[in-house]
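Residue numbers (our numbering), protein chains in the order written: chain A, 1 to 630; chain B, 1001 to 1685.
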């Protein structure tokens, strides 16, 4: 697709005319380059977290570190890359040279969390610094005190692993092998992570190559002029979008299950102020910084403020600097939404990244109800599993972040939710591994991976289904590190839609059947005679369930996605149990009956913390519950 | 060699390309008959026979080759008009096709609806069984659970059953047992096994390939068997061959073993046609492009072989098997130009189609299309569109562009038309870059071969913008695919899985494995009547660095016994390919292999081509007129030639327009066109 500036806008924007067609051609070209960078990384990375799961993002910035173009990747990355890149350029100001590669993962330098490693190379053309080619990739390991790059139980940044402030890995085209050795020496699985580093470098070098070719084709001055025009274009369109929105301050509130240290229901509040041409998201009033890992970095805070808003604007507006400059996030230092050094932000991208976005979405539900999307399951039932693989001749350590059982997405005004969406921070940009690939690469046996019936919120559009998954190790005990949220605080329903179930996870003894339930964060050892089971929540519902077409309800019923009780009591469906034919007349009267007795529909459900009844309903005598076990 | 015939069923027309002993090509178009596709073929055959003064029997008897391609299978999937089918899978895993790979396109658009499951959940049934990654039995197959599932599917009156069990690729025993049990319960209902259709790791892709096969089977079996019977009864001596998505042909019997290969069966023949005429210019590296009314297809052909992909999708479902990598975007003559509310100009992907068509067709279409821009710019002669058979009205083109593009952008109609031309070219160039530059291939070393009615208007300019040196516009550009069919080889792929690492290679096992695959491939081709000299077996393996999850396919030398040195060569080929594609490689690392394959190729007999005598007549004898055309800056009088009067030996210097019945060639300044001895246009850029 292509976009061109109208001549009116061009006259307004500058001295020399911008040719609308060249503008379109170049806009396309930037998108193609960012896409090629993405493909390079995906196809060459060595660990599944990058290669299969795609937990990375690629973007192009101009010489002034303004984002020009990002690939459609992980929103929490792409909407915060500018924060870290600015710090990287500030640190090396006056010493940025052709052939440099600068690396940074420091959340106090504007990065999201320590697990995300940013690689950036300046792109020079005829001695002129034209662009930055940038990737951010979530590493499988970063040398934390426990084998995960998202240690939910970390108490400060020192426990999270190796912190890298802006550091050159390549200097004027020469690899700094000593620095690279220092990096790798701090990581588990470092032979594989060397491959991942190379994949990230391959990606930025590919971007560099293409950007140089493009500059050679058009000339540096011409390219710079059009980059400005691309920013102006997004800026102008974003201003128009905001002008058309209702003005005022809108409040959204939510709760985080726990902070990884046993403190529950951490309060998060977002005040979204829609002004004439600017939107401010203020998290003042949220809980103070927690002693655990679930605190936001400034990068996460900025991105969490923007992502829900970007879902509410015309999707053809490029999400570059011209657009992003219209959204500002604010949070007091020392709060859960903006940690103070050396507080831990180890799992910031998802917790509190997801609850913070939920709060913004709830505020937007008040401001723009016709665009409201229901709650997502957050990163739930996504374990980082690890152990020793003794299947081959040589025992070797293994580790994986497994997304296969992830929670469902919230329902939109015009569509049901998707399964496996889990975190708004990724918004569907992560791929799951599949059963055979999981079992080939890691010593595990997946016993079950199916839809959990009735797990989603109901509504005119229902949430994406949650998943019931069971797996065990086939090579001794395995460690299970959880870093999620949204079990006791389930994804919310909007405009009369109901919430998801919340769900949970447990390990079960294969001999006694006794279960140890675990909160969404914590560390468990799963021994060889135990099975780990996760039941993830579906997403929240959107709109009145009684307005859902009866045949859609009946299809879900026949497919076993919802139970007969739900079909009857929540959706008011009447049907022939033999043929699954809808009884239209009986459905109508059933729906009338429900309508007459149910009271007023709420804009948002639930409105209180710890609203999920799932744990209470599922624990049996003899089972135990572990809150944030270490 | 007697006559050879290619038949391509499209949405509107069924195209016939008949080549006789002298290489003379007869083209015939018959209206397609979607309700009974064979009817259009029968009518066309009768008409072709009649035109040659032959009875149908004599005509069919004279054919040495009958190759057929169609969009029937693809349309069955897209329109979802296949039968009710069931899926049997491992218990606990019946949502593999629902869960997909967890990925959602369009990150910021939540109103995008989740894809609809191809088989509803109530027809996806688990059976008690489980194998591990080595194929060892974890849970033995419970026959009763299979019978229960089969009975349930019988009650739903399914017309085919797909079976896709976990790890059946390493040990197909459970799947085979399920097949026997299901056949007992549902006699006459075909059962398709994943271990037969796509013996490769990744259950989502394999399940989809199996489901699609089962879904297609009843329909195409009835159609192809009936067509083959009709042809045989009426005198065809040779087996009916079907063009497959891997770019090769196969017998009806072979296609029905793996029905998924019948998908995308028309476009896959394009690269063969491109290669056929490139070879006559001693070229083996070409970019095959085909621009029609609604879409633009591009495929890379390197060293005489079309690029292949395992990433092909149909209706959001992975196809899984290696297919000719035809990249398609919504850019064609009918693509609509529009300005969005933010003032941005777009071209496509929506198309005005054939009805109402471009504004200039005067059939009620008011939206400006690429064709309208080409009319305004003077590239298309309003009096000679489709050889003058379709009247077009340039006034309507101007009005549509004025209203929808020029006014909103504040530019002139001519500037707007040039913008549309440039943007659609740019979209197509991006598509070409996506399959070349982005895969480590430099298009400047390739020649462009141009097919499709709209292709030649845009091709020379695009090729020049890409830095290419040569474009070839074949005589039969308008019926690229049906001609491609008659020059396609027969091709079957055979794959096995065996995990091993380069540091612990068991060369004896590899040799045994290739021996088995090659024996299978050879036997299949011999059974189809190929002599040993016509048979070529190509080996390949999928390789990756350990713990990497995406594989690259590398060729493996063909020898009775490969040794360690040969495998070292394979490794080096892998490192080099990795570096070319992704800027880096890790030579000190070992390499993992998993899938091993053999492509069995039965060479098509050489199809003769009619040669033109060299003419010394001046090119002015082909001159039609001089008319104003906008090529660079403003309209300038430009020479227009009659393509049918351009003969071997003539050259045309750009700027110029060459008008033909089915296509128009636009030559820009400094471009030079020559006619070769086969009547193809060779454009030097």
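Positions of the beta carbon are idealized from the N, C-alpha and C atoms, including for glycine.
This one's a predicted model, so the numbers in the text were calculated from it and none came from an experiment.
Check: With 16 other Cβ atoms within 10 Å as the buried cut-off, status of residue 1683 (chain B); Outcome: buried
Check: Contacting positions in the region 1593-1604 of chain B - beta carbon closer than 7 Å to chain A; Outcome: none
Check: Residue burial classification, residue 12 (chain A) (beta-carbon count within 10 angstroms, cutoff 16); Outcome: Here residue 12 (chain A) scores only 45 on pLDDT, less than 50, and its place in the model should not be relied on; the value that follows carries that caveat. Residue 12 (chain A) comes out exposed.
Check: Members of the region 1333-1360 of chain B near chain A, C-beta cut-off 7 Å; Outcome: 1340, 1342, 1343, 1344, 1345, 1346 and 1347
Check: Coarse secondary structure for residue 137 (chain A), derived from DSSP in three states; Outcome: strand
Check: Option nearest residue 1647 (chain B) by Cα separation, candidates B:1679, B:1440 and B:1321; Outcome: B:1679
Check: Beta-carbon proximity of residue 333 (chain A) to residue 352 (chain A), cut-off 8 Å; Outcome: no
Check: Burial state of residue 1078 (chain B), where buried means 16 or more other Cβ atoms lie within 10 Å; Outcome: exposed
Check: Simplified DSSP state of residue 293 (chain A), which is helix, strand or coil; Outcome: coil
Check: Straight-line Cα distance separating residue 1499 (chain B) from residue 388 (chain A); Outcome: 20 Å
Check: Beta-carbon contacts of residue 317 (chain A) that lie in its chain and below 8 Å, excluding the five residues immediately before and after; Outcome: 234, 237, 238, 241 and 323
Check: Chain A residues whose Cβ lies nearer than 9 Å to that of residue 1307 (chain B); Outcome: Simply none; closest approach about 15 Å.
Check: Beta-carbon gap between residue 496 (chain A) and residue 540 (chain A) smaller than 8 Å; Outcome: no
Check: Proximity of residue 170 (chain A) and residue 184 (chain A) at Cβ, strictly below 8 Å; Outcome: no
Check: Limits of the unbroken beta strand (DSSP E) element including residue 1540 (chain B); Outcome: 1535-1544
Check: Those residues which DSSP pairs with residue 1305 (chain B) across a bridge; Outcome: B:1302
Check: Under the three-state DSSP convention, the category residue 288 (chain A) falls into; Outcome: strand
Check: Buried versus exposed call for residue 1289 (chain B) [16 or more other C-beta atoms within 10 Å across all chains shown]; Outcome: buried
Check: Listed by chain order, chain B residues near residue 366 (chain A) by CB distance under 9 Å; Outcome: None at all; the shortest Cβ gap to chain B is about 18 Å.
Check: Interface residues of chain B facing residue 80 (chain A) [CB-CB closer than 9 Å]; Outcome: In chain order: nothing, as chain B lies at least about 15 Å away.
Check: DSSP-derived helix/strand/coil call for residue 595 (chain A); Outcome: helix
Check: Nonlocal neighbours in the same chain, by C-beta distance under 6 Å from residue 427 (chain A), ignoring five residues either side; Outcome: 75
Check: Pairwise C-alpha distance: residue 415 (chain A) and residue 1131 (chain B); Outcome: 38 Å
Check: Straight-line gap, residue 259 (chain A) to residue 294 (chain A) (C-alpha atoms, nearest Å); Outcome: 5 Å
Check: Buried versus exposed call for residue 315 (chain A) [16 or more other C-beta atoms within 10 Å across all chains shown]; Outcome: exposed
Check: C-beta contact flag for residue 489 (chain A) and residue 150 (chain A) at 8 Å; Outcome: no
Check: Interfacial residues, the region 1543-1555 of chain B to chain A, with Cβ spacing under 7 Å; Outcome: 1545, 1547, 1548, 1549 and 1550
Check: Which listed residue (B:1318, B:1550, B:1057 and B:1681) has its alpha carbon closest to that of residue 1472 (chain B); Outcome: B:1681
Check: Rounded C-alpha distance that separates residue 106 (chain A) from residue 197 (chain A); Outcome: 17 Å
Check: Any non-hydrogen atom of the ligand PLP within 7 Å of residue 1614 (chain B) CB; Outcome: Looking at this structure, you won't find the ligand PLP or any other ligand, since it has none at all.
Check: Assigned exposure category for residue 289 (chain A) - 16 Cβ within 10 Å defines buried; Outcome: buried
Check: Buried/exposed call for residue 1670 (chain B), threshold 16 Cβ in 10 Å; Outcome: exposed
Check: Whole-angstrom distance between residue 162 (chain A) and residue 144 (chain A), CA atom to CA atom; Outcome: 7 Å
Check: Close beta carbons around residue 1587 (chain B), own chain, < 6 Å, minus the five adjacent residues each side; Outcome: 1575
Check: Between the CA atoms of residue 302 (chain A) and residue 1 (chain A) - distance to the nearest angstrom; Outcome: Residue confidence for residue 1 (chain A) is low, a pLDDT of 36 falling below 50, so the modelled location carries little weight and cannot support an answer.
Check: Validate contact between the region 203-214 of chain A and the region 154-161 of chain A using beta carbons, cut 8 Å, 3 pairs; Outcome: no
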